[in-house]
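**Student:**
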Amino acid sequence: MLRRLSLASRTVVFVALVCLGLLAIDGWNSWQSRQLHLRQMSVATSNLARAMAQQADDQIKLADTVLVGLVERIESEGTGPAEVARLREFLALRVAQLPQLDGLHIYDEDGNWVANSRQIWPQNLNNAEREYFQFHRASASRGPHVGVPVTSRTNGRALVPISRRINHADGSFAGVALATIRIDFFVNFYASLDIGQAGALGLIREDGTMITRRPYSPSTAGRDMRGSDLFQAYRSQGPVGTAYIRSAQDGVLRLNSFRRLPNYPLFVAASLSKEEILADWWRETLWHSGGGVLLVLVVAAVGWRLVKQFELQVQTEAELRRARDALETLNGTLKTLAMEDGLTGLANRRKFDVTLNTEIGRAVRDASTLALIMIDVDCFKQYNDIYGHAAGDECLQKIGRTVAALAARRPGDLAARYGGEELAVLLPNTDVQDALLLAERIRNAVRDLKIAHAGVENGFVTLSAGVEALRPSALDGQSKELIEAADKALYQAKTQGRDRVCAAAHPSTS
Ligand SMILES: Nc1nc2c(ncn2[C@@H]2O[C@H](COP(=O)(O)OP(=O)(O)OP(=O)(O)O)[C@@H](O)[C@H]2O)c(=O)[nH]1
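Residue 16 is where the sequence shown starts when you use the numbering used here, and the numbers rise one by one after that.
Pasting the structure below:
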C-alpha cells in the first residue's frame, strides 16, 4: 500500500512516524523516571521511619533502664526516710545525666509523691488519677508502660510518661516509678529531619493516641488518631508498611511509611508530600518535553521542507515532461513541414530526393524495377495569366489532391511536388507498363476535374506526363538517369501536343 503513495506522501508518513516515535520515547522515559522517583522516595520515607523508630525506641529504653534499677532498689530497700533521701540524690543525678528526661518520680500505692528528681515540689500532690498510675494499679504486669502524654504539674511541659509498677514483697501494688521524657526532645529531633515543606512525622501509641508530631502544636499530644486513615493503614498493613493517604486536614496527598518500635507498643509515621516528591521530576520532565517538542518541530520543519522539495521536483519533472512532449510534437510538425510541400500537401522536393535514393538502393538490393512519372500542368503560365496566381495555386492544390489519391496506393509509392507546376510520382517495384497505366489514370482524373482553362483548346486544365522505369544495377547516377529519362518523355508528351502520357524511348524500343 505504501508503494502506491507518492514520494511526498511517503515522506510525510515517515516524518510523522519519526515525530510520534520521538514523543513516545520521551513519554516512556518520563514515565519511567516518575516511577523511579516514587520508588526512591518510598525507600527514603521507609528509611526515615526506621531511623525515627530506632531513635524513639532508644530514648524510651534509656528511661526504662533507669526505671528497672529504681524499682529493684525500692522493692529491696523500701522507702524509709533515709532511703528516700538517698533516692532523691540518685534521681537528680540520673536526670542530670540524661538530658531527654524531664524527671524521675516515685509514687506510693495511693499516688502520693514519695520522691523525685526535683529537690523541691509542692506539698500534698497526688497522681492517682494519672492514666499510667491507674494502669499499674489495675495491671499486675511488671513490664514498662508508655503512657498518654501529660502536662507537667510543676513546669507545664508536655511529657511522655514511661513507668513501671512497684510491688510489695507479697506482690501487691506498692506504687509507680515514673520517668518523663520531654516531648520537646522528639520535636527537636524531628525538626532536624529534611521532609520538605509539606512533609509530616509522627509518634503514635498503638491504641491510637498521638504522642507527638511534626508539624507540632500543643494540642497534638494526646490526640485520638483511631479514626485517621493513617491509623487504619497501620492496623491493616501490620508493623511496617507504606500508603498514599490524602490528609483530611490540609488535603495534601502524602506517601506515608510507618513502622512499629522494636520494643514498645508505639509506631512512627514518616510522610512526604507527593507533589514535593515529584517536583524535581516535573522540572526534569518539562525540560525534557520542551527539548523533545523542539526536536519534533525541527524534524517536522525539515520534513516539511523535504516534502515541498519533492513536490517541487515532481512539478518540475511534470513540466519538463510536458515541455519535452510539446517539443517532440513540434519536432514532428517541423519534420513533416520540412518534408511536405506547403501548397499541395504532397511530399516536397527534399523528401522526393531522399526517397528516390532510398528506393534506388532498395531496388538494387531486390533487383526490382523502379518507375517514375513526371507530370507537368499544360499551359499553366497562361492559366496564371488569365485567372491570377491565387487561382493557379488553387488549381495546383486540386491537382495535388487528385494525384495523391491515385498515386499513393501502396506503402512505398510517393507523390511529390517536384518544382513549380511539375509533380513526380515514384513507384517502387513497378514496371513501365503499370506506371503508364497509372499516369493515364492521373491524366484522365485531372481532365475529369474540368477546371476551366480559357487559354487552351479544349477549355479545361490538362496535364502531360513522362514515364520511365529502370532496374538499377548500381547506386551512383541512377537517380539522375531515371529523372532525365522521365523528363525527356514528358518533353516528348509536350511536343506531341500535350494532354498525353509518353514513355521514355529506349534504343531497343525506339
Ligand atoms: N500559381 C502558381 N503558378 C506557378 C507555381 N509554380 C510555377 N507556376 C507557374 O507555372 C508556369 C509554368 O510555365 P511554363 O514553364 O512556361 O510552362 P507552361 O505555361 O505550363 O507551358 P507548358 O509547360 O509548355 O505547357 C509559370 O508561369 C510559373 O509562374 C505556383 O506555385 N503557383
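Glycine included, each C-beta is placed from N, C-alpha and C at the ideal position.
Count Cβ pairs between the region 445–460 and the region 385–402 that sit closer than 8 Å; are there 3 or more?
**Tutor:** yes
**Student:** Less than 7 Å separating the Cβ of V461 from some heavy atom of ligand 1?
**Tutor:** Not under cutoff, so the answer is no.
**Student:** For F282, write down the residues that DSSP places opposite it in a beta bridge.
**Tutor:** I219, R275
**Student:** Inspect the CB distances between the region 301–317 and the region 68–82 and report whether three or more fall short of 8 Å.
**Tutor:** no
**Student:** One question on the structure: do P159 and I177 come within less than 8 Å of each other, judged by their Cβ atoms?
**Tutor:** yes
**Student:** Please classify D514: is it buried, with 16 or more other beta-carbons within 10 angstroms of its beta-carbon, or exposed?
**Tutor:** buried
**Student:** Are at least three pairs of beta-carbons, each pair with one atom in the region 61–71 and one in the region 263–276, less than 8 Å apart?
**Tutor:** yes
**Student:** Output yes or no for whether 8 Å exceeds the beta carbon distance between T94 and A285.
**Tutor:** no
**Student:** Would you mind stating whether A504 and A484 have Cβ atoms separated by less than 8 Å?
**Tutor:** no
**Student:** Identify every run of the beta strand (DSSP E) within the region 184–248, keeping only runs that are complete inside it and at least 3 residues long; order them along the chain.
**Tutor:** 188–197, 215–220, 225–229
**Student:** Pull up the distance between the alpha-carbon of T477 and that of D408, whole angstroms please.
**Tutor:** Distance between T477 and D408, taken at the CA atoms: about 15 Å.
**Student:** Would you kindly work out how many angstroms separate the C-alpha atoms of I292 and V202, rounded to a whole number?
**Tutor:** 23 Å
**Student:** Using a Cβ-Cβ cut-off of 7 Å (strictly less than) and excluding sequence neighbours within five positions of I260, which residues of its own chain qualify?
**Tutor:** D244, L245, A248, R269, N271.
**Student:** List the endpoints of the continuous alpha helix (DSSP H) containing R49.
**Tutor:** 22–92
**Student:** In the DSSP assignment, what are the bridge partners of F475?
**Tutor:** A467
**Student:** Does the region 84–103 touch the region 142–156, meaning 3 or more C-beta pairs lie closer than 8 Å?
**Tutor:** no
**Student:** Helix, strand or coil for L451? Go by DSSP, reduced to three states.
**Tutor:** helix
**Student:** Express the C-alpha separation of A316 and A338 in angstroms, rounding to a whole number.
**Tutor:** 32 Å
**Student:** Express the C-alpha separation of N278 and H183 in angstroms, rounding to a whole number.
**Tutor:** 27 Å
**Student:** If you reduce the DSSP assignment to three classes, tell me which class V267 lands in.
**Tutor:** coil
**Student:** Specify the secondary structure class of S525 as computed by DSSP and reduced to three states.
**Tutor:** With a pLDDT of only 35 at S525, under the threshold of 50, the placement of this residue in the model should not be trusted, and no figure is reported.
**Student:** Mind checking which residues open and close the beta strand (DSSP E) that includes V516?
**Tutor:** Run containing V516: 516–518, per the beta strand (DSSP E) assignment.
**Student:** Using three-state DSSP, classify L586 as helix, strand or coil.
**Tutor:** Examination of residue 586 is not possible in this model, given that the chain is present from 16 through 525 alone.
**Student:** Could you tell me which residues DSSP pairs with I388 in its beta bridges?
**Tutor:** I388 pairs with V440, V482.
**Student:** DSSP puts W297 in a beta bridge; with which residues?
**Tutor:** Its beta-bridge partners do not exist; DSSP assigns none.
**Student:** Can you name, in chain order, every residue of its own chain whose Cβ lies under 7 Å from the Cβ of E436, other than the five neighbours on each side?
**Tutor:** D391, V392, F395, L411
**Student:** Under the three-state reduction of DSSP, which class applies to N139: helix, strand or coil?
**Tutor:** coil
**Student:** For I135, does the count of other Cβ atoms within 10 angstroms reach 16, so buried, or fall short, so exposed?
**Tutor:** exposed
**Student:** Alpha carbon to alpha carbon, how far is V440 from A454? Give it in angstroms, no decimals.
**Tutor:** 9 Å
**Student:** Following a CB-centred definition, is E326 positioned closer than 7 Å to any heavy atom of ligand 1?
**Tutor:** no
**Student:** Could you compute how far the alpha carbon of I219 sits from the alpha carbon of S48?
**Tutor:** 34 Å
**Student:** Answer with buried or exposed for A405, where buried requires no fewer than 16 other C-beta atoms within 10 angstroms of its C-beta.
**Tutor:** exposed
**Student:** Please classify I40: is it buried, with 16 or more other beta-carbons within 10 angstroms of its beta-carbon, or exposed?
**Tutor:** exposed
**Student:** Under 8 Å by Cβ, that's how I've got V314 and L37 pegged, so tell me the actual separation to the nearest angstrom.
**Tutor:** 7 Å
**Student:** Are there any heavy atoms of ligand 1 lying less than 7 Å away from the beta-carbon of C517, as far as the coordinates show?
**Tutor:** no
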